[in-house]
Amino acid sequence: MIESARIRQTKEKCFAMMLRVSLLICAGTLIFLLGSIFVKGIGAISLDFIFTPSKDFGKSGGIFYQIMGSLLMVFVAAALVIPLAIGTSLFQYALNTRTGIGYFLEQSLYALNAIPSITYGIFGLIFFVNVLNTGISWFVGSMILAIMMLPTTTLSTYQAMVAIPKIYHENAAALGLTKTEIMRRVTLPQSFHGIVTGSLIGLARAIGETAPIMFIATAFSGVSVPKSLVEPVSTLPTHILELAQQSTDPQALQNAWGASLILVLLVGSFGLLALLARSRFSRRSPK
Amino acid sequence: MSPAKLSLVSDNQSSNPDVEAHSIRLDDFSAYYGKNCIISDVNLKLPNKGVTCLIGPSGTGKSTILRWLNRINEDTENASFSGTIKVLGRDFISGYPDVTELRRRVGMVFQQPCVFPCSIYDNMLMGLRGRKLSEMQARDSVEQGLKSASLWDEVSHRLETRADALSLGQQQRLCLARALVLKPDVLLLDEPTASIDPVSSRAIEDLVMSLGNKISVVMVTHNIGQAKRISDHVVFICDGKVVEQGPRTHMFSSHCSAKTKTYITEEFCDC
């Protein structure tokens, strides 16, 4: 039976209303969360807060070493993970997911992405600190963050690769390019946006993580910029955790909101860069 | 640039003793996608020079034949074949252990213009990268290739601009130029004018005709008028089989078979 125009219009309106409500819930939650952090944290922000070291377990002073520690760990993690992610994506792409190993690799990446971050921390503690006896080391923390970033970066790169129209590969092959040359000259340049986006999203996730690095890479106080690979650092998430534990002190709480705002701004700036990279470098399809 | 330098005839063709009278020869060739037989028991001999047009309804295997001639179909999932193809006197599999050699000698241009997202200059050099050319040689090759595709005058002042900024017709001619710069012995064209405007289409037709005097051009087309204008030899394929083949004068005359006549005049096939 053909639906009457009135019923169709009512269904359309209901569907549009559901979309608006969903949007309102998502955007409202985000705005409320970010707004709260901004309103409560902006009072603590000053040049002194950003550029001076913390004192008295964070109750006074700034968060300079925490910012430096966080950036150091995530940038080294990115340097470790990007070549690995590109290699893994190329391997998976060359294998083709329909084959057994390729399928297993893809499912492994999805599974790795779903592992709770504390598990990475415990693995790092047992394997690096206890078995390999590295001690508390920011570099070990970077390695664990790199493992955490690997699925995000790899899957983003791989998705960018499989999205390249087949016609590019056929044209390159018809010009006598070998498979390696096609990967180097066609696949990689055209999936560059995926590599950049995946890396920045991975960075954004990693910089906000506390659990995986809490036991193996960070100290809550008394640290500065590390002079070797096996020294601890202080990071923004662990500093916020430490300040939150002293939340009965209004000054500590104020600093916790300020540090949270800086962390959100850092995560947001990575997200923004990822968006810019996507629009700047994304492939233009053949007309 | 001297006329000799502008020559499009491959260096291989004059010096290579294995070149037979036929550039391509298919014997009992069948092609499959999975279990589906797309073309069966095709026997074809394509001349060393001239334009051969493959005509026939959609889905009858014309492009499949073309895609096997330079083994592009090798990378297509579930694609397989039986029978033999000889390309320039050598078996297309065992005679070309390095498939890139085959693809350099048998160039291909596809239906949809596809330029790489880099400059016109870099597009032209895409197939020449491994040859370690000097800057001067590279410039000469680019100029020669673009002139051969009648594109030089239009783009010589902007070689560094992105190739995807060109019009579709220019992009397709760039694809042709990119293939010609490798000096192929055989050029495969899979409906190269299907997605471009009539003016650009005519420019490509002129180019194909001039190429036909020097190398073997095999072109798939659905445009009967186009086949009539540019072909030296026509192969009519329907339902995975070669219905009839012969010189243009025969195929477009009243002496051709009834099936061919029906297709050519009514663009309808009752095979």
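Protein sequences appear in the order of chains U and P. Here my numbering is used: the first residue of the first sequence is 1, the next is one more, and so on. Here my numbering is used: the first residue of the second sequence is 1, the next is one more, and so on. In this text, a Cβ means the ideal position worked out from N, Cα and C, and glycines have one as well.
Given a cut-off of 7 Å, decide if residue j and residue i are closer than it, judged by their beta-carbon atoms.
| i | j | result |
| --- | --- | --- |
| P:G107 | P:L182 | yes |
| U:A252 | U:K40 | no |
| P:L54 | P:V220 | yes |
| U:A211 | U:S117 | yes |
| P:E191 | P:Q111 | yes |
| U:T154 | U:S199 | no |
| P:L159 | P:R173 | no |
| P:S273 | P:V186 | Chain P is shown from 1 up to 271; residue 273 of chain P falls before or after that span and cannot be answered. |
| P:S30 | P:G83 | yes |
| U:V81 | U:M149 | yes |
| U:L125 | U:P151 | no |
| U:A217 | U:V140 | yes |
| U:T178 | P:T100 | yes |
Under a Cβ-count criterion, where at least 16 other Cβ atoms within 10 Å of its own Cβ denotes burial, should residue i be classed as buried or exposed?
| i | result |
| --- | --- |
| U:L33 | exposed |
| U:G202 | buried |
| P:E135 | exposed |
| P:S15 | The predicted model places P:S15 with a pLDDT of 42, which falls under 50 and marks its position as unreliable, so this point remains unresolved. |
| U:T29 | exposed |
| U:M17 | exposed |
| U:F15 | exposed |
| U:V21 | exposed |
| P:V218 | buried |
| U:F9 | Going by the sequence as given, residue 9 of chain U is Gln instead of Phe. U:Q9 should be labelled exposed. |
| P:D18 | For P:D18, the predicted model reports a pLDDT of 45, less than 50, meaning its position is unreliable; a value from the coordinates is still stated below. Counting Cβ neighbours within 10 Å, P:D18 comes out exposed, since fewer than 16 surround it. |
| U:L261 | buried |
| P:P198 | exposed |
Please list, in chain order, the chain P residues whose beta carbon lies closer than 9 Å to that of residue i.
| i | result |
| --- | --- |
| U:Q190 | F116, P117 |
Could you pull out every residue in the same chain whose Cβ sits closer than 7 Å to the Cβ of residue i, ignoring the five residues on either side in sequence?
| i | result |
| --- | --- |
| P:R229 | E205 |
| P:T60 | I237, C238, D239, G240 |
| P:N70 | L102, R103, V106, M108, L188 |
| U:T197 | S156, A274, A277, R278 |
| U:S269 | none |
| U:P286 | Any reading at U:P286 needs caution, since the residue's pLDDT is 47, under 50, leaving its predicted position unreliable; the model's value is listed next. The residues are P165, I167. |
| P:W68 | A31, F81, I85 |
Just to make sure I have the definition right: I need the residues of chain P whose C-beta is within less than 8 Å of the C-beta of residue i. Which are they?
| i | result |
| --- | --- |
| U:Y168 | C114, F116 |
| U:E181 | R129, G130 |
Using a Cβ-Cβ cut-off of 7 Å, state whether residue i counts as contacting chain P.
| i | result |
| --- | --- |
| U:G28 | no |
| U:S174 | A small correction: the amino acid at residue 174 of chain U is Ala; Ser does not occupy that position in the sequence shown. Chain P contact via Cβ: present. |
| U:T197 | no |
| U:T157 | no |
| U:T153 | no |
| U:T88 | no |
Please list, in chain order, the chain P residues whose beta carbon lies closer than 7 Å to that of residue i.
| i | result |
| --- | --- |
| U:E106 | Per Cβ cutoff of 7 Å: no residues; U:E106 is ~17 Å from chain P at best. |
| U:T178 | T100 |
| U:V225 | Correct list: empty, because the minimum Cβ distance to chain P is about 41 Å. |
| U:V186 | F116 |
Mind checking if residue i is an interface residue toward chain U, Cβ cutoff 7 Å exclusive?
| i | result |
| --- | --- |
| P:T260 | no |
| P:G127 | yes |
| P:R104 | yes |
| P:T100 | yes |
| P:I72 | yes |
| P:M124 | no |
| P:M219 | no |
| P:Y263 | no |
| P:S7 | Legend: pLDDT at P:S7 = 35, less than 50; position of this residue unreliable, value from coordinates given subsequently. Not an interface residue. |
| P:P3 | For P:P3, the pLDDT reaches just 34, beneath the cut-off of 50, and the residue's location in the model is therefore unreliable, leaving the point undetermined. |
Counting only the same chain and skipping the five closest in sequence on each side, list residues whose C-beta sits under 8 Å from that of residue i.
| i | result |
| --- | --- |
| P:D164 | V115, P117, Q171 |
| U:R280 | H193 |
| U:Y65 | P53, S54, V223, S224, V225, V233, S234 |
| P:Y141 | One point to set straight first is that residue 141 of chain P is Ser, not Tyr, in the sequence displayed. Cβ within range, chain order: M124, L125, L128, L133, V181. |
| U:G135 | V129, V230 |
| P:H233 | L46, P47, G50, V51, T52, C53, Q245, G246, P247, R248 |
| U:R205 | M148, M149, T152 |
In chain U, which residues lie with their C-beta within 8 Å of the C-beta of residue i?
| i | result |
| --- | --- |
| P:D185 | The contacting residues do not exist; P:D185 stays about 13 Å from chain U at best. |
| P:D75 | H169, E170, A173 |
| P:L54 | Under the 8 Å cutoff, chain U gives no residues; its nearest Cβ is about 17 Å from P:L54. |
| P:L182 | L175, G176 |
Just to make sure I have the definition right: I need the residues of chain U whose C-beta is within less than 7 Å of the C-beta of residue i. Which are they?
| i | result |
| --- | --- |
| P:M108 | A174 |
Give the interface partners of residue i over in chain U, defined as CB-CB distance under 9 Å, in chain order.
| i | result |
| --- | --- |
| P:R178 | N171, L175 |
| P:L133 | Those do not exist, as P:L133 stays about 15 Å from chain U at its closest Cβ, beyond 9 Å. |
Beta-carbon within less than 6 Å of residue i's beta-carbon, same chain only, minus the 5 sequence neighbours each way: which residues are those?
| i | result |
| --- | --- |
| P:G145 | M124, A177, L180, V181 |
| U:E209 | S117 |
At the 7 Å Cβ level, is residue i part of the contact set with chain C, yes or no?
| i | result |
| --- | --- |
| U:G194 | Judged by its chain identifiers, the structure shown contains no chain C, and its protein chains are U and P. |
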